[in-house]
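Heads up: the structure comes next, in structure tokens.
Written out as structure tokens, the structure is:
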């Protein structure tokens, strides 16, 4: 079985998926998740979603990913608390690169994201190409 | 020594090498733009590095050199031999400083005088107009915020500006906002209050309390033009083109990691450091600079150890500051990228990956053996278990072999590390001896064990000196024999099987055999009788004898006859041989034949007095049991007859001084070995198997023990002492 996007008929879907870098998008807004998923899948990522920090932690404990794209304001567990918690986990989880996004562009917002342990903080709205560029760079995926 | 200094020393040495290389290339090809740029960058980056460790004198000296190179780059100045010479001596001085720092851990106190001299020397040459210092962009809060706010614009912007209008701007000048809007190529604009807004009743609407920051794609000059009326209130920052070879997003991301690590009192420090390092590794992978990941990971390990982000931060900073490696090498003379220095080992990431893969495979076998152990307890059939264990052993054997190979290959370096020092040296030798010399280096990509690469410099230096000093004839003699006036020295390396062959060849007159005979006799190196019996090759070989020197006049270059015997000793210490190939009238070559790796040894294990010993397998001929009553006393010693040949017998434990007592076994177990052409029998208590071992040189108390080549650990945790039979039996 081939993945829809794969044009290489010799490779099987499972192999392709295993080769792809995995990214978990953590955002409570479904439209944002869809927007990000679209951009990231086009850039060759395998995308999973979580609607808040708590769900994200649960998913990570089952299967670590190569990159996290995390919103700040979310119910139940916000992005800052989530990243803080993440950085205290065993190294395999703690070292996952975090791209944090939010609509806030104030110096204190950036500082808060850094203090939590986000590797980069980008202000929404984010062009899809920009997100893809950063995601590739942060995850080490070939451009 | 603190990590900054360590990192500084590593980088600075590389930069000095790079700079030296570039300057020498410029001397032959003054128009080589890429070499010029590369030299400039080397000086520039060195200066920056000196600044980081607060070594002001070095920064000052390099700044002077950089200014002059900058003038050359702007085509204001030609490349002259004087400039090359001054540049080289500045780098020499830097090397001396580096050695001093390495010895004491601190910049030398008396560097100012030397720095003054360098500055004075360069002052004779017109300097370029002062260049705008490149600012580390995102370290400034406003710029950081601006680039974060416009993540899409950061890639294209060439200039960032901050405009802090005077409080009375609304009255004196044009509207600050209107001014900024007039900036060409505006990509993004941010308005922030200069200070926290005051209470509303204190607020003065006629005072300008705004700070304007903006990004533009226009050239700096155009931006300046547009803001001419308020230029004194404006700060402009040139946005650097980003990480070499990469889009600006990488530069911003590296900066962001430093900023994240800089957050004080943040918890989860280990996690943040690990993620910062992972991001850096990913960025490097993305940029095809995977080879630079290792230093970052080493820095991470140090940071995790110390619970302090400083080493990691320094390593990331180093990535940002690294000179731009030219993406396309010059067609005529490729610029070598600085590689590993022998002091610290930079390892190709593929080699690390191989180790990681092997570790994984070893784990699989470990698990399988664990499983078998479980089955043993459950009472499984012994024959089945034995067969499976044998299978696993076979796998393990193969893996250990691969592992061994992988580990050894980590220690392998290209000979370039030592060869690259010679162009400079030969140039100076030629100048000081008044002989025009050309050095031709061949095969410097040939690899050899790190220990050999490191140990080669001294012996090669002697040989190269000799070649220039004694090998090459003076200009008159050369002309008479129809040779071109410029002498040639070839420095050549080649891999031949398990050996690396290195040759220093000159196109001089060759070895004067008659004169060697004369000198050898005069200096008492050999008697006339011996000399008469020696073949020509044998006579030439006397050059390596202690006390021999053919220099008719003692020059300050080649010294006083301490040369070639020291050379041979050094080469033999590395397990190699030194020989001379003579072509009378056409020149001579000194050849070193060295083992590719100095670490490997195949041994046969034996036991004597409860201690395990390894006997080098290449020396072992056979093992025999000799009935005690067939052992013959020969004076105070013993011997036995094997197939009609009398062989002296030594008790290994006795020889090593570890046992006195006599034995009571019926038969003596004897290892027959060949040492320096002689057969000898070594009596041992028990014979073991054959194994490949990696030798560790003896340390501490054992270092002085005669007859021991080194030690290695056995599987059961015992130490195996590997014997040097020749030394043992001398």
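Chains as they are written, first to last, in my numbering: chain A, 33 to 175; chain B, 194 to 923.
Even glycine gets a Cβ: it sits at the ideal position worked out from N, Cα and C.
I think residue i touches residue j, with their Cβ atoms under 8 Å apart; what is that distance to the nearest whole Å?
i, j, result
"residue 701 (chain B)", "residue 664 (chain B)", "4 Å"
"residue 167 (chain A)", "residue 75 (chain A)", "6 Å"
"residue 686 (chain B)", "residue 720 (chain B)", "No, residue 686 (chain B) and residue 720 (chain B) are not in contact; Cβ-Cβ is about 38 Å, not under 8 Å."
"residue 774 (chain B)", "residue 782 (chain B)", "4 Å"
"residue 283 (chain B)", "residue 254 (chain B)", "6 Å"
"residue 704 (chain B)", "residue 682 (chain B)", "With 8 Å as the limit, residue 704 (chain B) and residue 682 (chain B) do not qualify as a contact, their Cβ atoms being about 16 Å apart."
"residue 650 (chain B)", "residue 620 (chain B)", "That belief does not hold up - the Cβ atoms of residue 650 (chain B) and residue 620 (chain B) are roughly 17 Å apart, past 8 Å."
Enumerate in chain order the residues of its own chain whose CB-to-CB distance from residue i is below 7 Å, with the five nearest sequence positions on each side excluded.
i, result
"residue 328 (chain B)", "With a pLDDT of 35 at residue 328 (chain B), under the threshold of 50, the predicted position of this residue should be treated as unreliable, and no value is reported."
"residue 842 (chain B)", "824, 831, 832, 833, 863, 874 and 876"
"residue 419 (chain B)", "375, 376 and 377"
"residue 384 (chain B)", "403 and 405"
"residue 119 (chain A)", "126 and 149"
"residue 788 (chain B)", "691, 692, 768 and 769"
"residue 350 (chain B)", "380, 408, 409, 410 and 432"
"residue 272 (chain B)", "219, 223 and 265"
"residue 447 (chain B)", "436, 473, 476, 509, 512 and 513"
"residue 602 (chain B)", "544"
"residue 363 (chain B)", "399 and 401"
"residue 309 (chain B)", "none"
"residue 656 (chain B)", "697, 760 and 783"
"residue 463 (chain B)", "497"
Go through its chain and collect everything with a Cβ distance to residue i's Cβ below 8 Å, but skip five positions before and after it.
i, result
"residue 467 (chain B)", "493 and 497"
"residue 124 (chain A)", "96"
"residue 164 (chain A)", "71, 72, 74 and 75"
"residue 172 (chain A)", "53 and 98"
"residue 714 (chain B)", "720, 721 and 724"
"residue 89 (chain A)", "109, 114, 117 and 118"
Less than 8 Å between the beta carbons of residue i and residue j, yes or no?
i, j, result
"residue 64 (chain A)", "residue 72 (chain A)", "no"
"residue 879 (chain B)", "residue 797 (chain B)", "no"
"residue 232 (chain B)", "residue 260 (chain B)", "no"
"residue 246 (chain B)", "residue 203 (chain B)", "no"
"residue 69 (chain A)", "residue 81 (chain A)", "yes"
"residue 866 (chain B)", "residue 813 (chain B)", "yes"
"residue 900 (chain B)", "residue 913 (chain B)", "no"
"residue 716 (chain B)", "residue 741 (chain B)", "yes"
"residue 145 (chain A)", "residue 132 (chain A)", "yes"
"residue 258 (chain B)", "residue 252 (chain B)", "no"
"residue 724 (chain B)", "residue 708 (chain B)", "no"
"residue 694 (chain B)", "residue 784 (chain B)", "yes"
"residue 869 (chain B)", "residue 919 (chain B)", "yes"
"residue 155 (chain A)", "residue 111 (chain A)", "no"
"residue 312 (chain B)", "residue 416 (chain B)", "no"
"residue 680 (chain B)", "residue 799 (chain B)", "no"
Ordered along the chain, which non-local residues of its own chain (more than five positions away) have a Cβ less than 6 Å from that of residue i?
i, result
"residue 355 (chain B)", "335, 406 and 428"
"residue 208 (chain B)", "235, 238 and 239"
"residue 157 (chain A)", "none"
"residue 838 (chain B)", "none"
"residue 269 (chain B)", "none"
"residue 281 (chain B)", "216"
Determine contact between the stretch 447-467 of chain B and the stretch 499-517 of chain B, defined as no fewer than three beta-carbon pairs at a distance below 8 Å. yes
Flag this pair as touching only if the stretch 558-574 of chain B and the stretch 605-617 of chain B have three or more C-beta atom pairs under 8 Å; answer yes or no. no
Check whether the stretch 258-270 of chain B and the stretch 293-302 of chain B are in contact - that is, three or more C-beta pairs closer than 8 Å. no
Do three or more CB pairs link the stretch 608-620 of chain B to the stretch 545-562 of chain B at distances below 8 Å? no
Where the stretch 83-105 of chain A meets chain B: residues whose CB sits under 8 Å from a CB there: none
With three or more beta-carbon pairs closer than 8 Å as the criterion, would you say the stretch 148-162 of chain A touches the stretch 95-115 of chain A? yes
The stretch 162-175 of chain A: positions lying closer than 8 Å to chain B by Cβ: 162, 165, 166, 168, 169, 170, 171, 172, 173, 174 and 175
Contacting positions in the stretch 223-234 of chain B - beta carbon closer than 9 Å to chain A: none
Any C-beta of chain B within less than 9 Å: which residues of the stretch 106-118 of chain A qualify? 115, 116, 117 and 118
The stretch 478-500 of chain B: positions lying closer than 8 Å to chain A by Cβ: 478 and 479
Could you tell me whether the stretch 624-635 of chain B touches the stretch 588-603 of chain B, where touching means 3 or more Cβ pairs closer than 8 Å? no
Residues of the stretch 443-458 of chain B with a CB closer than 7 Å to any CB of chain A: list them in chain order, please. 443, 446, 449, 450, 452, 453 and 456
Interfacial residues, the stretch 626-650 of chain B to chain A, with Cβ spacing under 7 Å: none
When Cβ atoms are compared, which residues of the stretch 458-473 of chain B fall closer than 9 Å to chain C? Of the protein chains in this structure, namely A and B, none is chain C.
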